[in-house]
Amino acid sequence: MNIIKFTFSRSFFDKLSKFSILIAVVAFITSCGAERRKNDRDRFFLLGNEALKGNDNKEAIRLYTEALTLDNDYADAFNNRGIAHMKRGDAASALLDFNQAILIDAENLSYVWNRAEAYAGANRYDKAINDITVVRKAFPDSARVYFSEGVIHFQFKEYQQAEAAFTESLMRDNSNGEAYINRGTVRYYLNKFDSAQSDLEQGLLSHSEEGNAWNTLAMVASAKGNNSKGLELINRAIDISPNEAYFLNNRGYVYLQLDSLNKAVEDIDASLLRDPQNAWAYRNKGIYHYKVGNYEEALRLLIRADSMDGKMTELHLWLGKAYLAMGEKEKACEALSAAEQTDEALNLITDNC
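Numbered by my numbering, the letters in the sequence shown go through residues 113 to 465 in order.
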């Protein structure tokens with residue numbers, strides 16, 4: 113089993129930016145004949161929206177900043193500049209802009225909604241949940257709000273809460289293939305493999321080019337012991353996104369299960385080259401080195417993976433096995449006691465601890 117990168121085919125922020133853009137068009141139309149400064153402000157703002165829609169986020173930020181130079185109380189410009197910062201991965205700058213937009217217009221809950229995602233991006237869980245709860249209470253029948261709440265819960269590994277939120281979203285809009293894919297991903301993490309498979313297959317009916325869905329479905333197949341099927345499915349994901357680090361790492365994991373070790377390490381190394389911060393790839397490379405008998409290197413990599421994310425599945429099992437191979441029984445027993453209590457882990461504990 114391995115991590116599934118939790119992304120969506122359409123950005124939550126792209127949807128919200130459309131709302132702000134609609135406001136801006138009305139403001140521009142009603143301002144005709146007013147002072148030149150306001151017209152220039154709106155011109156920069158609308159050009160910023162065009163740049164934002166075209167994913168030229170750096171230029172969008174520049175244009176929104178020009179608009180704000182002309183009117184520092186322009187809440188929509190702060191909001192949309194925050195969206196551009198988020199799309200560039202700068203949650204801290206986005207938070208400053210969303211906070212300013214809310215100071216100017218506290219009644220506009222789209223700003224609060226955006227700030228919830230920015231808080232999540234900055235790993236500020238309590239504030240992210242507080243903001244999305246405010247929005248949910250205002251729009252209790254909105255499928256999109258529950259969808260966003262599910263994303264936030266998933267990011268903080270609250271899988272049961274995420275599953276519940278995606279279920280609420282689907283109760284309000286059962287045509288949303290992304291919600292099925294995301295709930296299927298959550299159910300994979302909850303070891304609900306049959307229902308995960310059902311959700312993912314349902315989502316793929318409308319999102320057949322969503323690589324994340326094929327990727328997760330591959331991990332479900334592998335978890336159910338069908339690694340040849342898993343390989344077929346993960347190749348579908350890689351056909352869609354050949355350079356996606358997570359997909360390459362997951363194929364490496366499937367190859368490990370099939371004992372195709374040379375192919376496994378080739379994929380894992382390619383994944384690490386693209387994303388050297390993926391703890392799961394270090395775990396998988398540790399497993400590779402254990403399987404080829406390089407126990408010292410296996411232990412080094414597994415310890416590194418543990419320092420990056422100590423909650424990965426199978427990590428402590430392999431750590432225990434590596435410590436045993438290195439003759440460190442006490443540390444092995446400590447690791448195995450923290451592992452999932454599978455038959456293999458329990459047998460190793462009985463035999464060695």
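Built from N, CA and C at the ideal position, the CB exists for glycine as well.
The way I'd put it, the segment 425–445 doesn't touch the segment 306–316; fewer than three beta-carbon pairs between them come closer than 8 Å.
Contiguous alpha helix (DSSP H) elements confined to the segment 198–263 occur at 203–216, 221–233 and 237–250, taking only those with 4 or more residues. Taking 7 Å as the cut-off, the beta carbon of I399 is found no closer than this to the beta carbon of L370. Counting only runs of at least 3 residues, the segment 387–454 fully encloses no beta strand (DSSP E) element at all. Excluding five sequence positions before and after N220, none of the CB atoms of its chain fall closer than 6 Å to its own CB. Between A291 and L282, the C-beta gap is smaller than 7 Å, which places the two residues in contact. Less than 7 Å divides the Cβ of L175 from the Cβ of G160. In the displayed model, Y365 falls within a helix according to three-state DSSP. Residue environment for D238: exposed (fewer than 16 other C-beta atoms within 10 angstroms of its C-beta). Judged by DSSP in its simplified three-state form, G160 adopts helix. Short of 8 Å from the beta carbon of D243, and not among the five residues preceding or following it, lie these beta carbons of its own chain, in chain order: V224, W225, R227, A228 and Y231. It is roughly 52 Å from the alpha-carbon of N211 to the alpha-carbon of N406. For the 7 Å CB-CB criterion, I346 and N362 form a contact.
Excluding residues up to 5 positions away in sequence, A391, W392, R395 and A417 lie with their Cβ nearer than 7 Å to the Cβ of M424 in the same chain.
In the structure shown, E456 adopts helical secondary structure according to DSSP, grouped into three states. Beyond the five residues adjoining it in sequence on each side, T328 comes within less than 8 Å, by CB distance, of I116, I293, G296, T297, Y300, A308 and L312 in the same chain, given in chain order. The continuous alpha helix (DSSP H) containing Y271 extends over residues Y271 to R284. Counting C-beta atoms within 10 angstroms of its own C-beta, D202 has 16 or more neighbours from the protein chains shown and is therefore classed as buried. If you compare the alpha carbons of E147, Y186, H197 and A189 with that of N169, the shortest gap goes to H197.
With contacts defined by Cβ atoms closer than 7 Å, A457 and A451 form a contacting pair. With 16 or more other CB atoms across the displayed protein chains lying within 10 angstroms of its CB, N192 is buried. Here H265 carries a helix assignment [DSSP, helix/strand/coil]. The alpha-carbon of A179 is positioned some 5 Å away from that of F156.
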